[in-house]
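Below is one structure; the comments refer to it alone.
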Amino acid sequence: MTLPDVGSLLQAASVSTTKASYERVGFVRSVEGLLMRVVGIQAAMGSLCTITSARGVRHAEVLGFDGGEHLLLPIAGLEGVAPGDAVHVVADHIEVPVGPACLGRVVDGLGEPIDGLGPILAPKRRIDAAPPMALERPVIDQALETSVPAIDGFLTLGRGQRVGIFAGSGVGKSTLLGTIARTSDIDVNVIALIGERGREVQEFLIDVLGQDGLARSVVVVATSDTPALVRVKAVMTALTIAESFRDAGRDVLLTMDSVTRFASAQREIGLAIGEPPTLRGYPPSFFASLPRIVERLGATTSGSITGLLTVLVEGDDLNEPVADTLRGLLDGHVVLDRALAKRGLYPAIDVLASVSRLMPRLVGPEDLEVARILRSCLAILEETRELRQVGAYQPGSDPLLDRAVAIRGHLESLLHGGGETVPMQAVRARMKSLVNDIGGLQ
């Protein structure tokens, strides 16, 4: 997959132009790494410019100022750009297609279709919208059924909740996202694949999402080889498409895979324009951008956007800067454990390390008590795992452990059924049956 031809960019993204945009022409003064320094133009932050070079037209965005110079970052590379090349300001913002015509389509980070199915004939919306006001957000009190037993039973999510999925590489993160996208009782999926390998995109669409899942989805793709600016814009494009469905009264599930690669793109941009590096090289602008992304999600009086934001934790370190920052902004997190994956237990959700902050509001007291009892069984099984493995456990010495051991196989089958999907009511019935088997509710 490649970026759209720069000659068709304005039509594809449908950028708005103004008469004042064409009143002054500037020129490239210098190029430093990824950054162009331009003089002679009048442009605000976020404006789109064209650079006419010997190899054709290049597009770039205004990201800062330094004295009388504008700092521009390219959208499609700097090959062929030379000092003295003419620069025009052609737009003050970017818009992308939104609405039902986008369903079943795969687009790049600027909203250009890359699935070979022709242009998307739809209304356009600018990608830099503000989040809903705090008092415009209703209380989240409707559960979202994912048909994943570990989530529906122990980490119940609400429509409009923002949740992080924290995982190392190769523990089933993409498969879990695809399962939820296919089976959840949601109206529309918007899936943002940020920084993925090109090979994995097709595999995700065919093997994980499937035709049925794609039919009610919009997939935004910015692979790892695309410029950092396009990877960042892909997140804004996905948010904008999701917002259009939410404002039309639909319940939307937005999955972003992954925040870590978005962070890497922000780091490239921040360092290119001279921001000081902070924790692990991330610039201050990255930590400022995360709240704006998270706050654009959520419920309004019209509809809802439930956010599943994945974090590819480095070295399985759940306290690295991206994970730690995001955890403080979200309404819960789901942790995928490599130890469970090594034992072949999928989905590898570590229930004890995960939490849904809204679950007490979404389920009744009895279901909450059932989940608490089974969590305590999981906790004691985990605490005594080594003891039982060496044969030091003697039945009858600990009644609570005896009860936990009695249902261990059934509980493990429920939580890690190898991708089996189960309706939420059936999950809760099975959980209640397990608790009754050990006398928990008697």
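Take 17 as the starting number for the sequence shown in the numbering used here and just add one per residue.
All C-beta atoms, glycine included, are put in the ideal place defined by N, C-alpha and C.
Quick caveat: nothing in here was measured; it's all calculated off a predicted structure.
Does the Cβ-Cβ distance between residue i and residue j come in under 9 angstroms?
{"i": "isoleucine 207", "j": "aspartate 124", "result": "no"}
{"i": "arginine 308", "j": "proline 147", "result": "yes"}
{"i": "valine 373", "j": "aspartate 414", "result": "At residue 373 the sequence reads arginine, which differs from the valine that was named. Result no, Cβ atoms of arginine 373 and aspartate 414 do not sit closer than 9 angstroms."}
{"i": "glycine 186", "j": "alanine 357", "result": "yes"}
{"i": "threonine 322", "j": "glycine 174", "result": "yes"}
{"i": "alanine 244", "j": "leucine 89", "result": "yes"}
{"i": "tyrosine 298", "j": "glycine 188", "result": "no"}
{"i": "valine 235", "j": "arginine 312", "result": "no"}
{"i": "leucine 87", "j": "arginine 53", "result": "yes"}
{"i": "proline 249", "j": "isoleucine 67", "result": "Here residue 249 is lysine; the residue named in the question, proline, does not match the sequence. Contact: no."}
{"i": "cysteine 393", "j": "isoleucine 423", "result": "yes"}
{"i": "alanine 469", "j": "leucine 225", "result": "This structure cannot settle anything about residue 469, because the visible part of the chain is limited to 17 through 458."}
Would you call residue i buried or exposed, if buried means 16 or more other Cβ atoms sit within 10 Å of its Cβ?
{"i": "threonine 239", "result": "buried"}
{"i": "arginine 419", "result": "buried"}
{"i": "arginine 205", "result": "According to the sequence provided, residue 205 is asparagine. The question's arginine does not apply to it. It is buried - the Cβ of asparagine 205 has at least 16 other Cβ atoms within 10 Å."}
{"i": "serine 449", "result": "exposed"}
{"i": "tyrosine 38", "result": "A caution first: tyrosine 38 carries a pLDDT of 44, below 50, which makes its placement in the model too unreliable to give a value."}
{"i": "lysine 140", "result": "buried"}
{"i": "methionine 440", "result": "buried"}
{"i": "glutamine 227", "result": "exposed"}
{"i": "leucine 378", "result": "buried"}
{"i": "glutamate 382", "result": "exposed"}
{"i": "glutamine 177", "result": "buried"}
{"i": "isoleucine 222", "result": "exposed"}
{"i": "valine 443", "result": "buried"}
{"i": "glutamine 410", "result": "exposed"}
{"i": "leucine 403", "result": "exposed"}
{"i": "proline 154", "result": "exposed"}
{"i": "valine 268", "result": "buried"}
{"i": "methionine 61", "result": "exposed"}
{"i": "methionine 447", "result": "buried"}
{"i": "phenylalanine 182", "result": "buried"}
{"i": "alanine 408", "result": "exposed"}
{"i": "leucine 282", "result": "Residue identity differs from the one stated: residue 282 is glutamine in this sequence, not leucine. Counting Cβ neighbours within 10 Å, glutamine 282 comes out buried, since at least 16 surround it."}
{"i": "alanine 258", "result": "buried"}
{"i": "phenylalanine 81", "result": "exposed"}
{"i": "leucine 417", "result": "buried"}
Report the three-state DSSP secondary structure of residue i (helix, strand or coil).
{"i": "serine 301", "result": "helix"}
{"i": "histidine 426", "result": "helix"}
{"i": "valine 438", "result": "coil"}
{"i": "proline 135", "result": "coil"}
{"i": "glycine 456", "result": "coil"}
{"i": "isoleucine 222", "result": "helix"}
{"i": "serine 280", "result": "helix"}
{"i": "arginine 354", "result": "helix"}
{"i": "glycine 286", "result": "helix"}
{"i": "glycine 214", "result": "helix"}
{"i": "aspartate 418", "result": "helix"}
{"i": "leucine 245", "result": "helix"}
{"i": "alanine 60", "result": "coil"}
{"i": "glycine 348", "result": "strand"}
{"i": "alanine 250", "result": "helix"}
{"i": "aspartate 82", "result": "strand"}
In the DSSP output, which residue or residues are listed as bridge partners for residue i?
{"i": "lysine 140", "result": "Pro113"}
{"i": "leucine 89", "result": "Glu77"}
{"i": "serine 320", "result": "Asp267 and Ala315"}
{"i": "valine 122", "result": "Val235"}
{"i": "glutamate 48", "result": "Leu51"}
{"i": "cysteine 65", "result": "Ala76 and Val105"}
{"i": "arginine 178", "result": "Gly323"}
{"i": "leucine 230", "result": "None, per the DSSP bridge assignment."}
task = Specify whether the region 391-405 and the region 328-348 touch according to this definition: at least 3 beta carbon pairs, one from each stretch, less than 8 angstroms apart.
result = no
ask   = Is the region 120-135 in contact with the region 316-324, if contact means three or more CB pairs nearer than 8 angstroms?
value = no
query = Are there three or more Cβ pairs, one per stretch, closer than 8 angstroms when the region 336-355 is compared with the region 284-292?
reply = no
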